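Peer 1: Quick note on numbering: the sequence shown equals residues 1 to 142 in full-length UniProt numbering. Glycine included, each C-beta is placed from N, C-alpha and C at the ideal position. All values reported here derive from a predicted model rather than from experimental measurement. Dropping a structure here in structure tokens format, bear with me for questions.
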Amino acid sequence: MSNPFTVSLVCWHDGEPLLKSIREAVFIREQGVPAELEWDEFDKSCRHALALSQRGEAIGCGRMFSNGHIGRIAVMQQWRKKKVGTAIVEALLDYARAHDYKEVDVDAQTQALPFYRGFGFAEQGEEFIDAGLPHIKMTLQL
Ligand SMILES: CC(C)(COP(=O)(O)OP(=O)(O)OC[C@H]1O[C@@H](n2cnc3c(N)ncnc32)[C@H](O)[C@@H]1OP(=O)(O)O)[C@@H](O)C(=O)NCCC(=O)NCCS
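See the structure below:
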């Protein structure tokens, strides 16, 4: 059976309202990240992955910098554990491979370590706090 959702790569200009609705729900409302830390100047230059349900609802997102840094991976609560997050990261990794990136990295929330380990990401260095949440840098050679 095919996935009940699709993932596409979009620029901030095209995806902004839908990308914002997911990040507001997951990072700001659910995880308590301050809005002033959630929004930065980098969104405009990142490539974004956007997951949509068959009904067109925005259900997940992520972004990648041109240096291979991945961030803001989020899936709406009711859509978790259905491989939406996997499809978002895979779409960003496909983009990185197509553009000959040799390595990608993510500052992973420690609660999400098993999720990233599933793609082969490996922890680097010490845990640190960002936006009040414990993180650790992870890298993946492509
Ligand atoms: C982390 C997150 C993006 C995962 O998305 P998802 O769509 O639920 O993930 P998937 O269904 O693709 O899961 C893939 C695998 O990772 C595991 N996994 C997913 N989230 C996990 C978590 N938080 N802790 C441990 N394992 C997790 C799943 O069990 C699954 O394992 P399996 O392949 O053995 O079945 C999602 O839980 C989320 O949005 N969390 C809140 C925001 C967040 O923490 N973002 C990450 C910031 S670094």
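Return the CA-CA distance between R80 and L133, expressed in angstroms with no decimal places.
Peer 2: Residue mapping note: residue 80 aligns to position 80 of the sequence shown, counting from 1. Residue mapping note: residue 133 aligns to position 133 of the sequence shown, counting from 1. Cα-Cα distance, rounded: 20 Å.
Peer 1: So does A91 have its beta carbon nearer than 7 Å to some heavy atom of ligand 1?
Peer 2: Reading the sequence shown from its first residue, position 91 is the one you call residue 91. Because no heavy atom of ligand 1 lies under 7 Å away, the Cβ of A91 does not count as near it: no.
Peer 1: Taking only heavy atoms of ligand 1 into account, decide whether any of them is closer than 7 Å to the Cβ of K82.
Peer 2: Counting from one through the sequence shown, the residue named residue 82 turns up at place 82. Yes, the beta carbon of K82 sits closer than 7 Å to at least one heavy atom of ligand 1.
Peer 1: Ordered along the chain, which non-local residues of its own chain (more than five positions away) have a Cβ less than 6 Å from that of A87?
Peer 2: For the purposes of this step, residue 87 is taken as residue 87 along the sequence shown, with counting starting at 1. Result list for A87: V7, in chain order.
Peer 1: For my contact list, F5 and A51 are in at a C-beta cut-off of 8 Å; report their separation, rounded to the angstrom.
Peer 2: As a working mapping, residue 5 is identified with position 5 in the sequence shown. As a working mapping, residue 51 is identified with position 51 in the sequence shown. F5 to A51, Cβ: 5 Å. Contact.
Peer 1: Use the C-beta contact count for A58: other C-beta atoms within 10 angstroms, 16 or more gives buried, fewer gives exposed.
Peer 2: Here residue 58 corresponds to residue number 58 of the sequence shown, with the count starting at 1. A58 is buried by the Cβ-count criterion.
Peer 1: Within the continuous alpha helix (DSSP H) that includes V84, where are the two ends?
Peer 2: Working through the sequence shown from its first residue, we reach residue 84 at position 84. From DSSP, the alpha helix (DSSP H) with V84 extends over 84-98.
Peer 1: Should H135 and D107 be called a contact, given that it needs their Cβ atoms to be closer than 8 Å?
Peer 2: On the sequence shown, residue 135 is found 135 positions in, with the first residue counted as 1. On the sequence shown, residue 107 is found 107 positions in, with the first residue counted as 1. Yes, these two residues count as a Cβ contact at 8 Å.
Peer 1: Taking the alpha carbon of Y101 as the reference point, which residue from F65, A74, I129 has its own alpha carbon closest?
Peer 2: As a first step, residue 101 must be located in the sequence shown, where it is residue number 101. Comparing Cα-Cα distances from Y101 to each of F65, A74, I129, the minimum goes to F65.
Peer 1: List the endpoints of the continuous alpha helix (DSSP H) containing R63.
Peer 2: Here residue 63 is taken as the residue at index 63 of the sequence shown, counted from 1. That residue, R63, is in no alpha helix (DSSP H); its beta strand (DSSP E) goes 58-64.
Peer 1: Quick one: Cα of V10 to Cα of Q109, how far?
Peer 2: Working through the sequence shown from its first residue, we reach residue 10 at position 10. Working through the sequence shown from its first residue, we reach residue 109 at position 109. Approximately 24 Å between the Cα atoms of the pair.
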